[in-house]
Structures are given as structure tokens and as C-alpha cells.
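As C-alpha cells, the structure follows; a few thoughts come after it.
Residue numbers (this note's numbering), protein chains in the order written: chain S, 113 to 191; chain C, 160 to 771.
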């Protein structure tokens with residue numbers, strides 16, 4: 113489970129309109145201000161933090177739609 | 160302490176570069192000022208647009224500290240000539256930097272030069288230092304490995320695109336093009352293998368939101384290059400959406416202080432308190448209109464720099480067709496700022512639009528309101544606000560200058576987003592100015608009030624959401640998520656009720672207006688005022704943008720009547736987003752505008768309009 117770390121990174125890079133602590137794991141991040149620009153910042157910060165690289169196949173909005181969705185992908189890549 | 164900014168076209172072998180020279184105002188001539196001069200190396204693409212405000216502040220701060228400072232646009236970017244898909248971009252940009260260093264040394268008293276670059280600009284600065292004598296390098300979050308930068312840009316393109324065409328020879332990242340040739344050249348860049356060989360002193364400014372990678376600094380140290388590393392707070396805020404940017408004053412201060420500690424300081428003074436805009440000798444050049452599907456071999460146009468207003472505080476660029484006489488011919492299209500983006504426009508739209516309109520025979524003027532872009536000074540009120548209180552007065556000042564100094568007799572006001580808001584209100588509240596038409600492109604509101612969101616108005620968010628659900632319902636993946644219980648059904652039910660209530664409300668209002676039980680809305684009355692003033696009003700909407708819904712919701716009956724009588728024109732661009740971030744959509748917008756407006760230049764019949 114990497115949700116806590118993802119939340120921390122999201123708080124630093126996501127530039128969301130709400131406090132990350134108020135978000136549910138399934139909350140739609142694009143509804144609270146995540147944009148394509150901030151998605152890329154988020155992606156790079158997660159890659160640096162977990163020492164992973166998102167493959168092209170998962171580079172879509174669905175991957176970054178929610179903390180849960182991100183966690184699923186990160187877990188797959190870390191393992 | 161005042162700063163003087165002088166705009167000019169810097170003529171280089173590759174083409175003219177749009178350039179600002181920032182000097183301490185007490186420097187009577189460019190040959191005065193410090194012995195150390197600065198060349199600022201811009202980032203590229205959306206980072207260029209977003210960082211424009213902060214880099215202008217940086218240039219002012221450096222000039223106030225006594226350093227003659229050049230800020231310029233590489234070829235194919237900003238106001239400079241050419242386009243991003245031209246060949247050899249990286250080599251040309253390195254030549255551009257070298258040419259600006261040469262200019263600074265030839266035209267001022269500087270004997271030492273510092274390159275200050277941000278992101279890809281920092282990368283170019285570092286590469287440039289290996290090719291010429293540079294004394295200091297300030298590298299603000301440089302892209303050390305080109306491969307990583309390319310990956311970042313391609314990821315961004317993938318995130319933003321509904322579908323990527325792999326047949327095209329370029330990618331589009333947040334509205335900017337990178338050719339496959341440029342991408343390949345970028346991939347080959349690795350600053351750790353391309354370390355400057357001179358006696359440069361280097362400052363690396365790291366962003367504060369990610370963990371620091373010291374590998375490049377260590378690599379430089381191994382080559383006995385003196386390197387200082389600092390954290391530059393406020394990096395993400397500097398590169399936020401233009402209306403949300405915050406100037407990273409602490410990081411700017413750290414850069415100025417570091418340069419001051421290196422030795423050859425200029426005539427140092429206080430922080431800038433006033434700014435004066437002037438024009439250099441070379442303020443006119445022949446530009447190339449953009450090649451589009453319509454225009455494979457466009458004719459040249461002429462661009463001239465203009466400073467307007469009694470206080471000389473409003474900067475703009477006039478684009479005209481190449482013709483024997485510089486005298487005005489037909490009405491002038493005046494483009495007002497879109498949001499807080501400077502006069503280049505989002506995705507460089509205003510530059511391309513100006514040159515294409517001029518190529519089609521229409522004179523065009525793009526400018527910055529006094530609180531935005533290159534007009535903005537230290538004393539500006541409401542800096543960076545996209546809907547400033549003085550906007551109409553600003554525009555009136557510009558129109559008066561264009562009328563009295565340049566001889567224009569008629570104006571067509573146009574703009575995207577807040578630029579359309581201004582074109583609408585100026586059309587209503589400047590009865591004595593010779594305005595013949597207002598062209599509104601994707602307005603987000605017709606009556607902006609302090610405190611309103613700068614995003615899509617919440618009342619119309621429901622329309623945007625409806626569009627999203629129309630799209631989402633066609634996705635098999637979304638149905639699978641629904642069956643797996645991963646979709647918030649309560650939210651969808653609540654949304655459907657909200658949409659239903661809004662439709663009922665709108666229908667009822669229209670019915671009451673039709674029966675003359677309700678008076679026309681403010682928007683309806685204002686549309687009629689255009690007709691009464693004998694001024695045309697036109698709308699161009701991206702099909703999914705909320706502007707059309709706002710028009711229909713607030714003034715359907717009057718807008719329809721006016722459209723039926725040719726008092727109002729309405730056009731749609733399918734599949735375009737709010738700022739036309741796809742090249743194909745920008746071309747369609749340009750083509751639509753030309754077809755709509757060219758009758759002013761050549762008395763062509765107006766094209767068929769679309770139904771409300």
C-alpha cells in the first residue's frame with residue numbers, strides 16, 4: 113500500500129483545489145483540479161520517489177484518475 | 160530606481176528575434192550600465208507562456224541591479240519569426256543565444272556575460288557555454304537528460320490527446336508542436352557528457368517540490384568548474400496556469416545576489432519602482448505568415464512594434480500585409496489578451512492569427528493590457544488579473560493611439576475568453592470609438608464580477624459535465640467500472656436531477672420571455688444595443704465550450720432573432736477545446752475568422768452562418 117506516499121506527493125505537486133486529506137481514495141482527481149500539466153509533474157515525482165517508470169501503456173487519464181487507481185499501478189510496477 | 164525596457168527586432172543570420180533590452184533607467188544610452196550583461200534563455204512550449212511573467216520580473220530585477228539584460232524569443236517561438244516545425248530547431252536556438260551575446264557585447268559596455276536559463280532554456284544555456292565564451296551560467300531546473308524531457312513532453316501529449324495520430328511528424332504538447340526531428344535531437348542531449356570547458360562559474364537553482372538530483376553539479380565539479388547550488392522556492396507556482404502564476408521573488412533575489420557576489424556588478428540600485436517602455440531603432444520587420452492547410456506558401460507580412468498611451472505604458476505589435484503604402488487599408492482587427500496570457504496568445508494563437516489575417520489582407524494588432532505581459536510595470540494595478548477594472552479604458556487608449564498616430568478609421572475588436580469579454584463590453588461602452596464589430600471567441604462569462612471563479616462558471620459546469628457523461632457513456636471501460644461497483648451512482652443521480660432542473664428552468668424562462676411576462680435578460684438587452692449602435696457582433700464557439708450554452712440560456716430568443724436577421728453571426732468549431740490547443744483546430748479557427756472578416760478587406764460576401 114503506497115497510498116500515504118501518493119497522497120504526500122499529490123499534495124506537493126497536484127495543485128488541487130482541495131486539501132488532499134479531504135479526498136477519498138476513489139475521488140476523481142480531475143474533478144478537483146488535476147490537469148494534464150500537473151499530471152505529468154505528479155508522474156515524474158512518483159517515478160522519482162518509487163524508482164519506477166510508468167510504461168506507455170498506462171499513460172492515460174484513467175491511471176491518474178484517483179488515488180486508488182494510482183496505487184494499483186504503482187503496486188504493479190514496484191513488485 | 161527605474162528600469163527602461165526597449166523593444167526591438169534583433170537581426171540575426173537566421174532571422175529577426177523579438178527582443179527586450181532591460182536597462183537601469185539612469186543609463187542614458189545602452190552603452191551605459193554594468194560591465195556584466197545578462198542574456199535570459201527562455202524555456203519552450205507551454206513553459207515559455209507560463210514563465211513569461213516571472214522572467215520579465217527577473218529581467219527587471221537584474222536591470223535594477225545594474226545589469227543590462229536581454230530577454231528574447233527564439234526563432235519559431237513567441238513574437239519571433241518562423242515556426243516550431245522548421246528544421247534544426249536546437250541548433251538554430253543555440254545560434255540565437257550566441258547572436259544575442261554578440262549583440263550585447265557590441266551594443267553595450269558589457270565585457271562579461273551571464274546566461275540565465277530556465278528548463279530547456281537552461282539546457283540550451285549550458286550547451287551554448289561549450290561553444291562560446293560565457294562567464295557565468297545560471298541554470299534554473301535544467302533538463303540534464305534530453306530523453307527525460309522528451310518523455311515528459313510525449314507523456315503530456317498522450318495525457319491531453321483523445322487520440323494521437325502516429326502518422327504526423329510531430330507531437331503536440333499542451334498546444335505546442337515538437338517535430339520528430341527536434342525530439343530526436345533533444346534525446347541526444349546529455350549535459351553530463353557535454354560539460355562547458357571554459358572558466359565559467361555556475362549556479363544551479365533547483366526546484367523545491369522534488370528531491371534534488373546532484374549528479375550534474377557533481378559532474379561539473381569533477382571538471383573543476385565552480386558550482387553553487389541553491390533551492391529556488393515557488394517553482395511550481397511560477398509555471399502554473401498563467402492566471403494562477405506567482406512570481407518567485409525569493410528565487411529571483413537569490414539569482415541576483417549570486418551574480419552580485421561574483422564581482423563585476425553594474426551600477427547597482429534599488430529594486431525597480433517604475434518602468435519605462437521604449438522602442439529601438441529596428442522596430443519593423445518582414446515576417447512569414449504561418450503555413451496552414453489553406454496556405455502552403457504564404458506571402459510575407461510586416462510587423463511593427465507600437466507603444467501606446469500618454470504614459471507610454473501599452474505595448475503591442477501591428478501586423479500588416481506587405482503593400483507599397485504603410486497607410487491603413489480597411490478596419491484594424493484588435494486582439495485583446497486571452498486570460499493572463501501575454502499578447503502572443505495561448506498556444507501562440509494570436510501570433511499565428513495576426514500573420515494569417517494580414518496575409519489575407521487584414522491589418523491586425525495584438526497588445527497587452529497595462530497589467531499584463533510586456534505592458535505590465537511595477538506600478539501596474541491588478542497585475543496579472545485577466546479581468547482588470549480598467550480594461551475598457553485601456554482598450555480605449557489603444558484605439559485612440561491607433562486612430563490618431565497610425566490613421567486607422569475603423570476597428571474590429573476580437574479576443575478569446577476574457578479577451579471576448581473585453582471586446583463585448585468595449586463594443587457596448589465606447590460609443591464614440593469607430594468600432595464596427597466585436598468578435599467573441601469562447602467567452603466564459605459575459606459579466607465578470609470580482610470574486611467569480613476564473614474557471615468555467617459553476618452554473619454552467621453542469622453543461623460541461625453533461626458533455627463528459629455523453630462521452631463516458633460510450634466507453635466500455637466505464638460500463639465495466641459501473642458493473643464492478645466502482646462508479647458513484649448517487650453522484651450521477653444527483654447530477655441528472657440538477658441537469659433536469661436547469662433545463663426546466665431555462666425552458667420556463669424562455670416561455671415567459673416569449674409571452675412578454677418576463678423582460679429580456681441583461682445579455683439580451685445588451686445584444687440589442689449592438690444592433691441599435693449599428694455594430695455587428697459575432698460568436699465563435701468550440702462546440703463543447705460552455706459559452707454557447709450561456710448565450711442560449713440567457714438570451715436565446717433575442718440571439719436567434721438577431722441571427723435570423725443577420726445582426727449576429729454564430730460559428731462552431733467541432734472537437735476544439737477552450738484555447739484551441741490542437742493545431743488543426745487553430746487552423747480551422749483562423750480559416751473561419753478570415754472567411755468571416757475578409758469582406759471588410761475585399762468586399763467578399765459574408766459566409767453562411769450556423770443556426771442557434
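Note that the Cβ used here is the ideal one computed from N, Cα and C, for glycine as well. Here the structure is a predicted model, which means the values were calculated and not measured.
Nearest neighbour of residue i, chosen from the options [CA to CA]
i, options, result
"residue 354 of chain C", "C/310, C/304, C/329 and C/317", "C/304"
"residue 293 of chain C", "C/276, C/309 and C/302", "C/276"
"residue 299 of chain C", "C/759, C/280, C/286 and C/711", "C/280"
"residue 463 of chain C", "C/373, C/477, C/419 and C/401", "C/477"
"residue 237 of chain C", "C/226, C/458, C/482 and C/512", "C/512"
"residue 552 of chain C", "C/585, C/498 and C/436", "C/585"
"residue 176 of chain S", "S/163, S/133, S/191 and S/139", "S/139"
"residue 534 of chain C", "C/170, C/709 and C/465", "C/465"
"residue 407 of chain C", "C/311, C/365, C/382 and C/387", "C/365"
"residue 665 of chain C", "C/655, C/712, C/686 and C/684", "C/712"
"residue 548 of chain C", "C/536, C/526 and C/577", "C/577"
"residue 491 of chain C", "C/348, C/507 and C/757", "C/757"
"residue 421 of chain C", "C/659, C/344 and C/358", "C/358"
"residue 169 of chain C", "C/213, C/234, C/409 and C/215", "C/234"
"residue 759 of chain C", "C/301, C/516, C/226 and C/329", "C/516"
"residue 480 of chain C", "C/461, C/582 and C/474", "C/461"
"residue 445 of chain C", "C/297, C/241 and C/346", "C/241"
"residue 231 of chain C", "C/717, C/415, C/607 and C/252", "C/252"
"residue 416 of chain C", "C/217, C/335 and C/706", "C/217"
"residue 691 of chain C", "C/674, C/727 and C/673", "C/727"
"residue 204 of chain C", "C/605, C/336, C/196 and C/599", "C/336"
"residue 311 of chain C", "C/333, C/693, C/196 and C/603", "C/333"
"residue 224 of chain C", "C/167, C/419, C/546 and C/708", "C/419"
Simplified DSSP assignment, three categories, for residue i
i, result
"residue 470 of chain C", "coil"
"residue 523 of chain C", "strand"
"residue 135 of chain C", "What is shown of chain C runs 160 to 771, which leaves residue 135 of chain C out entirely."
"residue 694 of chain C", "coil"
"residue 265 of chain C", "helix"
"residue 394 of chain C", "helix"
"residue 230 of chain C", "strand"
"residue 325 of chain C", "Since pLDDT at residue 325 of chain C reaches only 47, below the 50 mark, its modelled position is unreliable, and the value read off the structure follows with that caveat. The answer is coil: DSSP assigns residue 325 of chain C none of H, G, I, E or B."
"residue 174 of chain C", "strand"
"residue 249 of chain C", "helix"
"residue 606 of chain C", "coil"
"residue 462 of chain C", "strand"
"residue 117 of chain S", "helix"
"residue 365 of chain C", "strand"
"residue 242 of chain C", "coil"
"residue 181 of chain C", "strand"
"residue 495 of chain C", "strand"
"residue 756 of chain C", "helix"
"residue 170 of chain S", "helix"
"residue 850 of chain C", "This structure leaves residue 850 of chain C out entirely; chain C is present only between 160 and 771."
"residue 177 of chain S", "coil"
Per-residue contacts from residue i into chain C (C-beta, under 7 Å)
i, result
"residue 157 of chain S", "369"
"residue 124 of chain S", "368"
"residue 160 of chain S", "369 and 370"
Contact set between residue i and chain S, taken where Cβ atoms lie within less than 7 Å
i, result
"residue 100 of chain C", "Missing from the structure shown is residue 100 of chain C; chain C here goes from 160 to 771 and no further."
"residue 311 of chain C", "152 and 156"
Check: residue i C-beta below 7 Å from any heavy atom of the ligand MG
i, result
"residue 389 of chain C", "The ligand MG is not among the ligands present in this structure, which contains no ligands whatsoever."
Chain C contact residues for residue i, given Cβ-Cβ distances below 8 Å
i, result
"residue 259 of chain S", "In the structure as shown, chain S begins at 113 and stops at 191. Residue 259 of chain S is therefore absent and cannot be evaluated."
"residue 148 of chain S", "315, 318, 319 and 333"
Closer than 8 Å at the beta carbon, the chain S residues around residue i
i, result
"residue 205 of chain C", "149"
"residue 399 of chain C", "127"
Partner residues on chain S for residue i, Cβ-Cβ distance less than 9 Å
i, result
"residue 395 of chain C", "124, 125, 127, 150 and 153"
Inter-stretch contact at 8 Å, needing at least 3 Cβ pairs: the segment 243-252 of chain C / the segment 260-276 of chain C: no
Touch test, the segment 147-163 of chain S against the segment 120-129 of chain S, Cβ-Cβ under 8 Å, three pairs minimum: yes
Cβ contact check for the segment 581-598 of chain C and the segment 500-514 of chain C: 3 or more pairs under 8 Å: no
Inter-stretch contact (C-beta, 8 Å, three-pair minimum) for the segment 591-606 of chain C and the segment 566-579 of chain C: yes
Any 3 or more C-beta pairs closer than 8 Å across the segment 697-710 of chain C and the segment 733-747 of chain C: yes
contact_flag[the segment 207-214 of chain C, the segment 389-407 of chain C] where n(CB pairs < 8 Å) is 3 or more: yes
Inter-stretch contact at 8 Å, needing at least 3 Cβ pairs: the segment 714-732 of chain C / the segment 742-757 of chain C: yes
Every unbroken beta strand (DSSP E) within the segment 646-684 of chain C, with a cutoff of 3 residues, ordered by chain: none
Validate contact between the segment 342-352 of chain C and the segment 367-383 of chain C using beta carbons, cut 8 Å, 3 pairs: yes
At least 3 beta-carbon pairs within less than 8 Å: the segment 134-148 of chain S vs the segment 163-181 of chain S: yes
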